[in-house]
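Let me begin by presenting the structure, written as structure tokens, before commenting on it.
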Amino acid sequence: MKIVTKKRAAAAAAALVLAGGTMAAYAYFTGGSASTTGTAHTGSVSTWSVAVGTFSGGPVYPGSGTDSATYTITNTGNGNQGLTSVTATVNAGTGGAVTQSGTAVPGCLASWYTAAAGAPTPALNTAIAKNATATGTVSVTLTESNSSQNPCKGINPDIDINVS
């Protein structure tokens with residue numbers, strides 16, 4: 119028979135505790151679900167910058183001639199913007215009179231003029247990058263009204279280029 123000393127008994131007890139600890143099962147609760155919402159920042163659209171060059175090819179006369187200029191549209195925003203529309207109109211003042219430098223010219227009707235914006239490059243419905251441009255041509259004619267158009271002699275009608 120072997121004699122068990124206190125040291126051997128303590129070592130055996132420690133070994134059993136360690137062995138039992140590695141084989142013990144652990145119980146736990148799962149955490150409840152949680153969520154949070156943060157906010158990101160989305161930019162907004164900026165207005166386009168539009169410039170029109172010098173008109174050339176004119177002058178126009180009732181029923182003949184075309185005056186044209188290049189227009190340049192610049193994306194002044196901080197990201198891509200979609201260019202969806204470019205139109206040109208003859209600016210009309212009081213009583214439908216054409217304007218020249220913002221002042222109505224009595225007797226010269228804006229409806230006698232036709233302004234047309236040619237398709238830009240790059241094409242419509244294209245994303246234009248920040249600080250990038252699109253260009254096109256605007257053309258102006260003076261239609262024959264079968265009446266005196268003398269009040270329109272020598273004027274330079276205001277042409278609006280509208281983009282979106």
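Be aware that the sequence shown starts at 119, since it is given in our numbering, and climbs by one per residue. For glycine and all other residues, C-beta sits at the position ideal for the given N, C-alpha and C. Keep in mind the model is a prediction, meaning the values are calculated, not measured.
Could you check where the beta strand (DSSP E) with residue i kicks off and where it finishes?
{"i": "Thr-202", "result": "Careful: Thr-202 lies outside any beta strand (DSSP E) and carries neither H nor E."}
{"i": "Ile-273", "result": "Here Ile-273 belongs to no beta strand (DSSP E), and DSSP marks it neither H nor E."}
{"i": "Trp-166", "result": "166-170"}
{"i": "Leu-242", "result": "Looking at the DSSP string, Leu-242 is not in any beta strand (DSSP E), and its letter there is neither H nor E."}
{"i": "Ala-228", "result": "Neither: Ala-228 is in no beta strand (DSSP E) and is coded neither H nor E."}
Work out the CA separation of residue j and residue i for me, nearest whole Å.
{"i": "Thr-148", "j": "Ala-247", "result": "A caution first: Thr-148 carries a pLDDT of 49, below 50, which makes its placement in the model unreliable, though a value can still be read off. Cα to Cα, Thr-148 sits roughly 50 Å from Ala-247."}
{"i": "Thr-259", "j": "Thr-184", "result": "5 Å"}
{"i": "Gly-220", "j": "Pro-177", "result": "20 Å"}
{"i": "Asn-209", "j": "Ser-263", "result": "18 Å"}
{"i": "Thr-261", "j": "Thr-207", "result": "14 Å"}
{"i": "Tyr-231", "j": "Asn-196", "result": "37 Å"}
{"i": "Thr-239", "j": "Thr-192", "result": "12 Å"}
Thinking C-beta only, is residue j closer than 9 Å to residue i?
{"i": "Gln-199", "j": "Ser-174", "result": "no"}
{"i": "Gly-225", "j": "Ala-215", "result": "yes"}
Nearest to residue i by CA position, among the options, is which residue?
{"i": "Ile-279", "options": "Ser-203, Pro-177, Tyr-231", "result": "Ser-203"}
{"i": "Thr-194", "options": "Tyr-231, Ser-167, Pro-224", "result": "Ser-167"}
{"i": "Ala-169", "options": "Pro-180, Trp-230, Pro-240, Thr-188", "result": "Thr-188"}
{"i": "Gly-211", "options": "Ala-222, Gln-218, Thr-205", "result": "Ala-222"}
{"i": "Ser-229", "options": "Thr-251, Ser-282, Pro-180", "result": "Pro-180"}
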